[in-house]
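K.L.:
Residue numbers (the numbering used here): 310 to 837.
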Amino acid sequence: MSSKIVEVSSSTFFSAYAPFNPSPADVEVCLDTLAKAKLISENRDRFVDCDVKPSSKFTRAEEAYGFLSEICATISEAKVKGREASCILDKKPLAHVTEPETPGASHRIASYLKVFKSTVPTDVAQNTSTADKVANGEWTLRSTPEELVDGGAVHVMNNDVRQLFTYSITIEDESMTLWYWSRSHSVKTKPFDFIADVPTTVCAFASFIFASADELGYDTSVQRRLDVTHANPRLCLVFRIQGRYLKTLRTVVERRGTSITARTTRVFEVVEVKSFDDLTQLEKKTKILKDVWIDDDARTERQIQDAVLQDLDALSDKLISDGSLNSEHFHDISEEEKKLVCDALRDRRYRDHFLTIDCDEQGAQCKANAPDAVWVPGVFSSGLAVPLTVPAAPSRADKSRSSQIPDGRSCSHAPGGEDTPGPARIYAPKRQYRVVYNEVCQALHDVVDLKIVLQAMIDCLLVVQLLFLVGWVHRDISSGSQLWYSSAEGGRGILSDLEYAKRFNPDGEGSSDPKTVHVSLLVERNDF
Numbered sequence: 310m311s312s313k314i315v316e317v318s319s320s321t322f323f324s325a326y327a328p329f330n331p332s333p334a335d336v337e338v339c340l341d342t343l344a345k346a347k348l349i350s351e352n353r354d355r356f357v358d359c360d361v362k363p364s365s366k367f368t369r370a371e372e373a374y375g376f377l378s379e380i381c382a383t384i385s386e387a388k389v390k391g392r393e394a395s396c397i398l399d400k401k402p403l404a405h406v407t408e409p410e411t412p413g414a415s416h417r418i419a420s421y422l423k424v425f426k427s428t429v430p431t432d433v434a435q436n437t438s439t440a441d442k443v444a445n446g447e448w449t450l451r452s453t454p455e456e457l458v459d460g461g462a463v464h465v466m467n468n469d470v471r472q473l474f475t476y477s478i479t480i481e482d483e484s485m486t487l488w489y490w491s492r493s494h495s496v497k498t499k500p501f502d503f504i505a506d507v508p509t510t511v512c513a514f515a516s517f518i519f520a521s522a523d524e525l526g527y528d529t530s531v532q533r534r535l536d537v538t539h540a541n542p543r544l545c546l547v548f549r550i551q552g553r554y555l556k557t558l559r560t561v562v563e564r565r566g567t568s569i570t571a572r573t574t575r576v577f578e579v580v581e582v583k584s585f586d587d588l589t590q591l592e593k594k595t596k597i598l599k600d601v602w603i604d605d606d607a608r609t610e611r612q613i614q615d616a617v618l619q620d621l622d623a624l625s626d627k628l629i630s631d632g633s634l635n636s637e638h639f640h641d642i643s644e645e646e647k648k649l650v651c652d653a654l655r656d657r658r659y660r661d662h663f664l665t666i667d668c669d670e671q672g673a674q675c676k677a678n679a680p681d682a683v684w685v686p687g688v689f690s691s692g693l694a695v696p697l698t699v700p701a702a703p704s705r706a707d708k709s710r711s712s713q714i715p716d717g718r719s720c721s722h723a724p725g726g727e728d729t730p731g732p733a734r735i736y737a738p739k740r741q742y743r744v745v746y747n748e749v750c751q752a753l754h755d756v757v758d759l760k761i762v763l764q765a766m767i768d769c770l771l772v773v774q775l776l777f778l779v780g781w782v783h784r785d786i787s788s789g790s791q792l793w794y795s796s797a798e799g800g801r802g803i804l805s806d807l808e809y810a811k812r813f814n815p816d817g818e819g820s821s822d823p824k825t826v827h828v829s830l831l832v833e834r835n836d837f
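1. Please confirm if Leu-546 has its CB atom under 7 Å from at least one CB of chain B.
2. Determine the extent of the alpha helix (DSSP H) in which Gln-612 is found, giving its start and end residues.
3. Grab me the residues of Arg-471's own chain with a C-beta within less than 6 Å of its C-beta, minus the 5 sequence neighbours each way, in chain order.
4. Taking the straight line between their C-alpha atoms, what separation do you get for Val-685 and Ile-314?
5. Is the region 566-579 touching the region 551-558, taking contact as three or more C-beta pairs under 8 Å?
6. Nearest-angstrom Cα distance between Pro-738 and Asp-641?
7. Distance check for Ser-796 and Cys-750, CA to CA, integer angstroms please.
8. Does the Cβ of Pro-680 have 16 or more other Cβ atoms within 10 Å, making it buried, or fewer, making it exposed?
9. Look at the alpha carbon of Ile-786 and the alpha carbon of Asp-432, and state the distance between them as a whole number of angstroms.
10. Where Ile-613 and Thr-479 are concerned, what is the direct C-alpha to C-alpha distance, given to the nearest angstrom?
11. By the 10 Å Cβ neighbour count, where 16 or more other Cβ atoms means buried, how is Asn-541 classified, buried or exposed?
12. What does the Cβ neighbour count give for Gly-391, buried or exposed, with the cut at 16 atoms within 10 Å?
13. On the three-state DSSP scale, how would you describe Asn-467?
14. Starting from the C-beta of Phe-323, find all residues in its chain whose C-beta is less than 7 Å away, skip the five residues before and the five after it, and write them out in chain order.
15. Between which residues of its own chain and Ser-625 is the CB-CB distance below 6 Å, once the five residues before and five after are set aside?
16. What's the C-alpha gap between Thr-567 and Leu-398?
17. DSSP three-state call for Ile-314: helix, strand or coil?
18. What residue from Glu-447, Glu-337, Asp-667, Asp-587 has the CA that sits closest to Trp-546's CA?
19. For Val-745 and Pro-328, what's the separation of their Cα atoms in angstroms?
20. Can you give the Cα-Cα distance for Arg-369 and Leu-377, rounded to whole angstroms?
21. Take every Cβ of the region 499-509, pair it with every Cβ of the region 354-370, and state whether three or more of those distances are shorter than 8 Å.
22. Enumerate in chain order the residues of its own chain whose CB-to-CB distance from Val-782 is below 6 Å, with the five nearest sequence positions on each side excluded.
23. Am I right that Glu-748 and Tyr-809 are in contact with their C-beta atoms under 8 Å? What's the rounded C-beta distance?
24. Near Ser-491, which residues of its chain fall below 6 Å by C-beta distance, leaving aside the five closest residues on each side in sequence?
25. Can you tell which of Leu-770, Val-683, Lys-811 has its C-alpha closest to the C-alpha of Leu-792?
26. Rounded to the nearest angstrom, what separates Cys-381 and Asp-441 at their Cα positions?
27. What's the call for Asn-635, buried or exposed, on a 16-neighbour Cβ count within 10 Å?
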């Protein structure tokens with residue numbers, strides 16, 4: 310993931326990436342409050358409890374940086390105009406393993422900023438829920454951190470569906486670095502001396518402490534609720550899409566990537582309810598909700614499907630008008646297959662082999678790359694592993710979807726594989742996209758009946774042939790994109806993931822599209 314990290318100055322970070330950019334007047338108010346509490350010198354140029362390089366005075370990080378908890382608590386009491394404190398620094402011992410919402414996490418967090426008002430329902434017993442962390446921290450007296458700072462960030466982003474982006478704060482002796490993690494790219498500040506530069510340090514903490522929930526990365530269109538409509542109450546998620554509310558019943562797919570900068574596809578079975586706070590079902594029929602991050606300039610699945618169906622409808626009209634298709638539409642194809650294709654076009658039966666989109670919505674967009682951002686290779690050159698995590702408790706995945714890597718283990722990239730110097734990259738911002746389908750299907754690799762598997766593949770092959778006739782190609786014909794939908798009529802195969810469909814170049818020229826890649830490269834890049 311270090312190949313997607315850029316570096317900026319502290320001032321650029323505050324203006325372009327920080328949750329809240331305190332004005333000089335805001336910082337001055339915070340300094341006044343600290344001075345009155347006698348936590349900084351009268352000249353406001355040093356901290357009373359740590360006025361020298363920490364490693365020259367302390368041997369343990371807990372002792373060296375413990376004073377920062379009081380600093381943050383006092384800053385939260387400052388009267389910043391138009392702002393209220395929303396979070397506080399919670400300093401944990403380095404040996405403490407932070408409790409996630411589900412077991413299996415192997416990362417350690419030295420400290421973190423957590424929100425005052427928990428995002429987890431009060432009736433749920435939870436020990437320092439990961440969902441309430443807005444910035445994890447790593448403190449060390451050594452010049453090199455013991456663990457990769459992105460481990461905690463990856464865990465937060467994987468474990469909490471509500472987190473659009475997150476932050477980290479690292480301290481290595483007297484050097485502080487601020488981090489911003491998003492689905493498109495990640496950012497770090499140039500290290501600054503937090504002991505000598507008191508105003509910048511205070512500005513950094515104030516930018517978190519006085520930020521609102523959405524500024525801290527929380528998606529306000531998703532809420533965590535306790536579903537008491539079952540015999541055994543359980544946590545669930547409620548999504549708001551186009552003014553409608555959809556409650557999760559189970560997780561169908563959840564990608565547990567080791568990189569934050571990924572598509573992070575999540576698929577849930579959902580049912581429509583009245584509101585965030587009224588989980589009364591509006592109908593018994595369940596639906597499928599897919600949550601994914603796509604490039605900002607990419608077309609949505611609805612837009613692609615509309616274009617495909619428009620082309621197929623035009624070909625259908627031509628077939629009905631002319632009575633037959635011209636010979637150029639077919640090459641080396643049997644009469645039986647030709648009849649199958651023409652029959653599907655005449656009655657427009659091909660629509661049955663695509664998912665029916667109920668509603669969709671484009672969500673939040675990642676922050677753009679700052680103009681003065683500089684790509685920095687080799688940020689994580691130690692080769693240490695970034696731990697995998699398990700899905701969040703309110704949305705546990707089916708066992709059939711579990712990872713091949715057991716919970717609690719970790720995997721790492723080949724030494725130097727990600728940090729090999731290369732040309733600077735330009736990152737297009739990603740945006741969130743959610744789409745709801747009417748059909749609740751099974752992926753082909755979950756179907757145990759061979760007869761059904763073969764029928765689904767035959768149906769999907771028909772779709773691929775039809776796509777070819779209208780100049781489209783689907784670049785992900787896998788067991789995950791081929792689905793089986795059971796119905797009263799017996800069922801049918803459906804080809805999904807149309808985000809991987811595109812019009813092909815009739816001249817046969819190559820494509821620079823990054824989605825047209827070998828599967829091994831996708832795995833190596835964690836680009837899924």
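Beta carbons are placed, not taken as given, at the ideal position from N, Cα and C, and that holds for glycine.
P.N.:
To lay it out plainly:
1. Here chain B cannot be found, since the structure has a single protein chain.
2. 610-631
3. Tyr-527, Asp-528, Val-531
4. 6 Å
5. yes
6. 44 Å
7. 10 Å
8. exposed
9. 44 Å
10. 43 Å
11. exposed
12. exposed
13. helix
14. Asn-330, Cys-512, Ser-516
15. Leu-654, Arg-657
16. 26 Å
17. strand
18. Residue identity check: residue 546 is Leu in the sequence provided, not Trp. Here the closest residue by C-alpha is Asp-587.
19. 30 Å
20. 14 Å
21. yes
22. Phe-813
23. Rounded, the Cβ-Cβ distance is 18 Å, inconsistent with contact.
24. Phe-474, Cys-675
25. Leu-770
26. 17 Å
27. exposed
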